[in-house]
Structure formats: C-alpha cells, structure tokens
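Visitor:
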Amino acid sequence: MTDNTGLSRRGFLKATGGAAAAVSVAGCIGSDDGGDSGGSQTPQKGGTLQLINSTMSTFDPVAADDTASGRVIQQLHDPLVNYPHGEVEVKNLLAKSVETNEDKTVYTFTLKDATFHNGDPVTASDVVYSLERVAGSPHSVRSDFILNSIGVTHDTDGDGNYQSGSLGVTAVDEKTVEMEIEQPFHAVLEVLAYSAFAIVPEGIVGSLSDEGSPDSPSSQYEEFATKQPVGAGPFQFDHWELQTEAAVNRFDDYHGEVAKVDDVLWHVIEDDSAAFNKAMGGEADIFEIPTAKFEKNSVSEDKTDDKNRVTGSYGPVRGKTLDYLKYPEVGTYYIAFNEQNVIKPVRQAVAYVFNQDDFVENTMKGRADPAYHLTPELIYPGGTEAAQKHAEQYPYSPGESDIESAKQVMQDAGFGPDNRYQLEFTHYESDTYSKLAKQLQQQLQGAFIDLSINQSKFQTLLQRGENGRNELYSLGWIADWPRPDNFMKLLYPPNTVTGDPASYTYLDWGQTDQSSAAGAARTAFETVESNLTPTQEAQDTRNAEYVKMEEANWEDAMIIPTHHSVTELFSYQDVHIPDKIGGMGFSRNKCNTIWKEQ
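Just so you know, the sequence shown maps onto residues 0 to 597 in numbering that gives the first Met the number 0.
1) Leaving out the 5 sequence neighbours to the left and right, which residues in its chain are closer than 8 angstroms to Lys456 when beta-carbon positions are compared?
2) Helix, strand or coil, according to DSSP, for Arg249 in the structure here?
3) My understanding is that Ala519 touches Ala551, with C-beta atoms under 8 angstroms, so please give their C-beta distance in whole angstroms.
4) Considering only the beta carbon of each residue, do Glu86 and Gly584 sit closer than 7 angstroms?
5) Express the C-alpha separation of Thr495 and Ser502 in angstroms, rounding to a whole number.
6) Could you tell me which residues DSSP pairs with Tyr313 in its beta bridges?
7) Just to confirm, are Asp261 and Val247 a CB contact at a threshold of 7 angstroms?
8) In whole angstroms, what is the alpha-carbon distance linking Asp368 and Pro137?
9) Between the region 391-404 and the region 417-437, do at least 3 Cβ pairs fall closer than 8 angstroms?
10) Can you name the start and end residues of the alpha helix (DSSP H) that Asp518 belongs to?
11) Would DSSP call Gly26 helix, strand or coil?
12) If I follow the unbroken alpha helix (DSSP H) through Lys277, where does it start and stop?
13) At which residues does the beta strand (DSSP E) containing Asn52 begin and terminate?
14) Using DSSP with H/G/I as helix, E/B as strand and the rest coil, what is Ile477?
15) Label Val341 either buried or exposed according to how many other C-beta atoms from any shown protein chain fall within 10 Å of its C-beta, with 16 as the threshold for buried.
16) Taking only the alpha-carbon atoms, compute the straight-line gap between Ala291 and Leu474 and give it to the nearest angstrom.
17) If the criterion is Cβ atoms closer than 7 angstroms, does the pair Gly318 and Ser299 meet it?
18) Does Asp2 come out as helix, strand or coil in the three-state DSSP assignment?
19) Counting along the chain, where does the beta strand (DSSP E) carrying Tyr106 start and finish?
20) What are the start and end residues of the alpha helix (DSSP H) that includes Val616?
21) Answer yes if the region 154-166 comes into contact with the region 226-246, meaning at least three C-beta pairs across the two stretches below 8 angstroms, and no otherwise.
22) Use the C-beta contact count for Asp507: other C-beta atoms within 10 angstroms, 16 or more gives buried, fewer gives exposed.
23) Using DSSP bridges, identify the partner residues of Gln235.
24) Quick one: using the 10 Å Cβ neighbour count with 16 as the cut-off for buried, is Pro394 buried or exposed?
25) By the 10 Å Cβ neighbour count, where 16 or more other Cβ atoms means buried, how is Gln347 classified, buried or exposed?
26) Roughly how many angstroms separate the alpha carbons of Asp578 and Phe486, rounded to a whole number?
27) What residues in its chain sit with their C-beta under 6 angstroms from that of Ala517, if we drop five residues either side in the sequence?
28) Pair every Cβ in the region 322-331 with every Cβ in the region 560-570, then say whether three or more of these pairs are closer than 8 angstroms.
29) Which residue comes first and which comes last in the alpha helix (DSSP H) that contains Thr459?
30) For a minimum of 4 consecutive residues, which ranges assigned as the alpha helix (DSSP H) are wholly contained in the region 405-443?
31) Return helix, strand or coil for Asp35, following the three-state DSSP convention.
32) Can you check the region 165-231 for any alpha helix (DSSP H) of at least 4 residues that lies completely inside it and give the ranges in chain order?
33) DSSP has Ile448 in a bridge; who is on the other side?
34) According to DSSP, simplified to helix, strand and coil, what is Ser163?
35) Would you please state the rounded distance, in angstroms, between the beta carbons of Val133 and Ser142? I believe it to be under 8 angstroms.
36) Helix, strand or coil for Gly118? Go by DSSP, reduced to three states.
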C-alpha cells in the first residue's frame, strides 16, 4: 500500500493465513553443508529455475510497493549495498567501499567496476540519477525513505514538496559518490539496501519531468518499467506476461558471481491449491506449502543454527522427499483496534482471551513464533533471549485464554449479561484469521462481548481503516529495514491518525482521550528521534525507549501481536542451494548461486 507522500506501506500485509500459508517465493534455501541430498555435488551451469509468484505490477525499483514485483526486481537490479541471501547484516554490492566523515553526515561510496545490461559501465552519475529518482520521480513510492528516514539534504518549495535537482548526492569523479545527510542516522546503509535504491542507467527514462504521471506515464517510462527494464543485477529481463509469468536470463557480464542457471521463470498463481499442484507436478523448484496441505509430522529436522534456522527434509509427499528450510523473518502480524471506536476494557478483554501460544501451535500448526511484542525477536533490544524474558511480564495471562480476567475487566466497566458489548472484527481473506475470529467469537461470549465477523478484501480493509470505520482488525508489518524504530513508528500516536496519508496504522491512539500510555509512547519515540546517531550511547538510549513503547502498547492494548513471521521453504533434491535465507526473507535474495543438476 502506498500513498501520494511516498511513505512505505510494505508492512500492511495481505497474509493468506499468515506467513505459514503464503505460496509465493523467490528465494533460495540450503543447509550448513549445502542442503543437498545425494546427486552431483559439482556445480553445473544450465537449466531454468522455476518459482511461483503473485501478480506483479512494475519492474521500476522506485515504483514497486508489492513483494511480487520486488522478487523480480531483486534479480534485475543492484543497489550500492544489500542483504546477501536475505541476511539482516548489510554488505557492499555495487559499492566497493563506504567511508564516512567524523560526524557521520557525509557518506562516500567508491564503486566497483560493473556493467549494466545494455553494456554501459556503472558510474557515479548513474548513482546520482537513480537516487534523484527515489526522491523526486512522480512514480516513486519511497521518497520518504531518502528525504526523511535517511534525511539526505535537499530543498523544498513553499508547500513542502521536494525541489528537483537539490538532492545532496554528488558525483566526485566517475567512480566516487558523496551523499550528505542532515543529521547522523544509525541505519543509513540498512535503508540504502532497500531495492528502491537500485542503480539504473542515467537518463533511462529521461528527466523527472519526462516520466509523465502515475495516471499518464510517458511511453519511455512504460518501456522501462514494464517491457525492457535495465539494471546491473545477475539476471537481465526476458519477458513478462501479466497474470501468467515473468522470466529473466543470466547476465554473463555480472560484476559478482555469474548465475549458474540460464533463466529464472516465475509462474503467476494466486490460488494456494493451484500453486501446490503446480509444485507437486515438478513445475516449481522452490516453493511453500499452504497450511491446508501441510503435514507437521512429515518434517524431519536435521540442524538448527545460531539464527534459529532449521534444515532437514519433508515427505514423502506424492512419493517425493523434499529439502526443507524454516527460518524466522523480521515481521510481525497482529490484531488491532481503533481507539475512537473501541473502549479500553474491551481491548483488554480481547487481549486476555487471545492465546498466542495456542493460536500458533494449533491454528497455524506451529508454523510461526508466538508474538508478545510488535518488534520481532531477531531485532529486539538484546536479542531473542531478552525478548522472551521481557515477554514474561506480558500483563494479559501469556500462554492461556484467560476468560475469567476478561469477564472481570468487563464487569468493572459496567457490562454484564443484560448489558453486552457489540464488537466487529474485520479481517482480510485468510483461513487462519477466519479460524481466529471464530475462536474469539466463542470465547468472548463469556466476557459479555458479542463479536461479529466481517471478512473483507484486503484493499477494503485498508479503506475502512483510512476512513476510521474499523473496530478490531487484522494486519501485519514486514521490516523495510531491520531496526526496531521501523516497527515502533507504528506505535507513535501522531502516526496513527486515520485519514492522514502519513499514518502507518489505524489506531487513532491518543487523539481525543490522551491516555498516559499514549503520552508515554509519544515521548519515547520522540526520544528515539533525538538519539539517532550511530553511537553505543545513542543505541542504549533508543533500546530503553523501544521497550517503553512496547509496554505502553501493552497498557492500552492497542495492537495485540499474534505471531512473528516464519517461512518454511521446500525444494526438490536436484536443486542445489548453497546459502540459507536470513531474516529479511526470500524477497531480498538473489538466485545467482543456485544450480540444478542437468
């Protein structure tokens, strides 16, 4: 979801049954020893890597706001830095080196010798042009990332709009770029690893004014965005048939490791069962299995590494044994309230009744991690151990459905058998959340709450949220970059105003009735924003404020986390994948190291 301010809405997820039930994948899996069972162990070239994807919309890095498009963009385009194999640690990609000045306000990038798919060398001028497009292209949905999150220096007009050509990015020479930011920021490289910052050839769509508008794009822009994108990634564009498939070919002049497979082909399939049948028919090499088709007892776990990634095998399924990888992602799903529409005792009653552990184990067949914080454990201050220890303080009876406490809080608010509360739960189309809704409906009966269920299209749910019509609703957030402030901005009360295009959630938290918890969340986030420097002292301050925000959310029960994203990937054993996926997920992975037995 995006808006005309260019703010990210990647986190507003349509999760068909949560992370475990998604069927689209563009990533690559493996185990400590390569993840391969039998067959040749000598890498071979050739063959087509077949994957499954959802509907794509564009291959312009600055315009893509959907994961499906991003999976293809990741193969076509390279930014200066990236998350190799979806790891949460940033490494250089097109950048040969990165240096900063003493006060961390000027970043100097020295470029590798790299070539675009059209044969042109990658130069500093290309970097300036590409970042200018992030800031000012009429098609950009990520301008907020560069202008506000990183805070690259720039000028604005009287209405606060970015002035073209004013961005503080300069080509020092052919291979050196300087970027100046307004104040030190601890996650500059993490944000730059986002695919919107991919480098494209200077002038590929002309000047900003030559691009047309989102409603009326120029022919030159349309050619680049949908018919002939040009990047510097390990694969070059071949074709795209809307609603059917997209394909890319190996780029032999790639600056990094040249791809082993000849092609990558994505089949566009939206239906879970159809995708599963496609994979079982051998027409997908790496895929997910929807929860309805998943058999927990078919998993054989061999190894677990220090990042909680599990490798092993799965099956047999239809006579085939598959390689298996399970890995946690930097993402959280949740149910939430609009404070204007739902009083605090009802919110607390729902929190008491909802049992994260039971939901994950039984409804999701163990295919996720129970969540008590909005911040995923992978990036929680102090890590997984600290997150789990703090979760012991969760005030709503963790690990149980506490109907008695829910009943008591409602009685204290004046409700009872003859004075029941009417609550509507709007969730997107998902078997998982449909089961959750029915379970809540039954449990809340004993707490004097009559829950009506409204299953809606994802976009309808968002529109209801923007219009302030939601009461209880379901959404999720996947990290734009792996830092807690990317999640805590969802709990900053000014970012929760319905109808405001700058909002990240539909909570309307503290807008009319300024609770002490809302005030604490506001103060904590503003303290974070005053301590953004990449120093240990500032980090320690931020960490303390992040925890305060989580506890403020607990107090007012605005967002109730349901689970943290976990992905299970399956692959055939003639597909060799030397690198496992990290917490940023399969959509951040490049597939140039995968190879297939011929």
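Here a beta-carbon is modelled for each residue, glycine too, at the ideal position from N, C-alpha and C.
Guide: In this structure, then:
1) Here the question's residue 456 lines up with position 457 in the sequence shown. Cβ neighbours of Lys456 beyond the five flanking positions: Tyr427, Glu428.
2) Taking the sequence shown and counting its residues from 1, one reaches residue 249 at position 250. Three-state DSSP puts Arg249 in a strand.
3) Numbered from 1 along the sequence shown, position 520 holds the residue referred to as residue 519. Numbered from 1 along the sequence shown, position 552 holds the residue referred to as residue 551. Contact flag correct, Cβ pair sits at about 4 angstroms.
4) Here residue 86 is taken as the residue at index 87 of the sequence shown, counted from 1. Here residue 584 is taken as the residue at index 585 of the sequence shown, counted from 1. Going by C-beta atoms, Glu86 is not nearer than 7 angstroms to Gly584.
5) As a position in the sequence shown, residue 502 is number 503, starting the count at 1. As a position in the sequence shown, residue 495 is number 496, starting the count at 1. Their backbone Cα atoms lie some 5 angstroms apart in a straight line.
6) Locating residue 313 in the sequence shown gives position 314, where the first residue counts as 1. DSSP links Tyr313 through a beta bridge to Val298, Leu321.
7) Locating residue 261 in the sequence shown gives position 262, counting from the first residue. Locating residue 247 in the sequence shown gives position 248, counting from the first residue. Annotated as distal: Asp261 and Val247, with beta-carbon spacing of 7 angstroms or more.
8) Your numbering for residue 368 matches position 369 in the sequence shown. Your numbering for residue 137 matches position 138 in the sequence shown. Straight across, the Cα-Cα distance linking Asp368 with Pro137 is about 39 angstroms.
9) Between the region 391-404 and the region 417-437, the count of C-beta pairs closer than 8 angstroms stays below three; the two stretches do not touch.
10) Taking the first residue of the sequence shown as 1, we reach residue 518 at position 519. Looking at the sequence itself, residue 518 is Gly, so the reference to Asp does not match. Segment 515-528, the alpha helix (DSSP H) holding Gly518.
11) Reading the sequence shown from its first residue, position 27 is the one you call residue 26. Note that Gly26 scores a pLDDT of 30, beneath 50, so its modelled location is shaky; the value from the coordinates is reported in the next line. Gly26 falls in the coil class under three-state DSSP.
12) Stepping through the sequence shown from its first residue, residue 277 is reached at position 278. Following the DSSP letters along the chain, one finds Lys277 inside the alpha helix (DSSP H) bounded by residues 271-279.
13) The sequence position of residue 52 within the sequence shown is 53, counting from 1. Counting along the chain, the beta strand (DSSP E) containing Asn52 begins and ends at 47-52.
14) Here residue 477 is taken as the residue at index 478 of the sequence shown, counted from 1. In the three-state reduction of the DSSP assignment, Ile477 falls in the strand class, which pools E and B.
15) As a working mapping, residue 341 is identified with position 342 in the sequence shown. Under this definition Val341 is a buried residue.
16) As a working mapping, residue 291 is identified with position 292 in the sequence shown. As a working mapping, residue 474 is identified with position 475 in the sequence shown. Pairing Ala291 with Leu474, the inter-Cα distance amounts to about 21 angstroms.
17) Translated into the one-based positions of the sequence shown, residue 318 becomes position 319. Translated into the one-based positions of the sequence shown, residue 299 becomes position 300. It is not a contact, given that the beta carbons lie outside the stated cut-off.
18) The residue labelled residue 2 in the question sits at position 3 within the sequence shown. Only weak support exists for where Asp2 lies, its pLDDT of 35 falling under 50; the value from the coordinates is given anyway. Note: Asp2 maps to coil in three-state DSSP.
19) Counting from one through the sequence shown, the residue named residue 106 turns up at place 107. The continuous beta strand (DSSP E) containing Tyr106 extends over residues 105-110.
20) Examination of residue 616 is not possible in this model, given that the chain is present from 0 through 597 alone.
21) At 8 angstroms Cβ cutoff, the stretches do not touch.
22) For this step, residue 507 is matched to residue 508 along the sequence shown. With 16 or more other Cβ atoms inside 10 Å of its own Cβ, Asp507 counts as buried.
23) For the purposes of this step, residue 235 is taken as residue 236 along the sequence shown, with counting starting at 1. Beta-bridge pairing links Gln235 to Asn248.
24) Translated into positions along the sequence shown, residue 394 becomes position 395. Around the beta-carbon of Pro394, fewer than 16 other beta-carbon atoms lie within 10 Å, marking it exposed.
25) Taking the sequence shown and counting its residues from 1, one reaches residue 347 at position 348. With 16 or more other Cβ atoms inside 10 Å of its own Cβ, Gln347 counts as buried.
26) As a working mapping, residue 578 is identified with position 579 in the sequence shown. As a working mapping, residue 486 is identified with position 487 in the sequence shown. Their backbone Cα atoms lie some 28 angstroms apart in a straight line.
27) For the purposes of this step, residue 517 is taken as residue 518 along the sequence shown, with counting starting at 1. Taken in chain order, the residues that qualify are Pro492, Trp508, Gly509.
28) They touch, by the three-pair rule.
29) Taking the first residue of the sequence shown as position 1, residue 459 is located at position 460. Counted as a single uninterrupted DSSP element, the alpha helix (DSSP H) harbouring Thr459 occupies residues 457-465.
30) The qualifying runs are 430-443.
31) Stepping through the sequence shown from its first residue, residue 35 is reached at position 36. Legend: pLDDT at Asp35 = 43, less than 50; position of this residue unreliable, value from coordinates given subsequently. If DSSP states are grouped into helix, strand and coil, Asp35 belongs with coil.
32) DSSP runs (the alpha helix (DSSP H)) wholly in the region 165-231: 187-191, 218-221.
33) By one-based count along the sequence shown, residue 448 stands at place 449. Its beta-bridge partners are Tyr420.
34) The count along the sequence shown starts at 1 and reaches residue 163 at position 164. Of the three classes helix, strand and coil, the one that applies to Ser163 here is coil, per DSSP.
35) Numbered from 1 along the sequence shown, position 134 holds the residue referred to as residue 133. Numbered from 1 along the sequence shown, position 143 holds the residue referred to as residue 142. Contact between Val133 and Ser142 holds: their C-beta atoms lie close to 6 angstroms from each other, under 8 angstroms.
36) On the sequence shown, residue 118 is found 119 positions in, with the first residue counted as 1. Coil at Gly118, not helix or strand.
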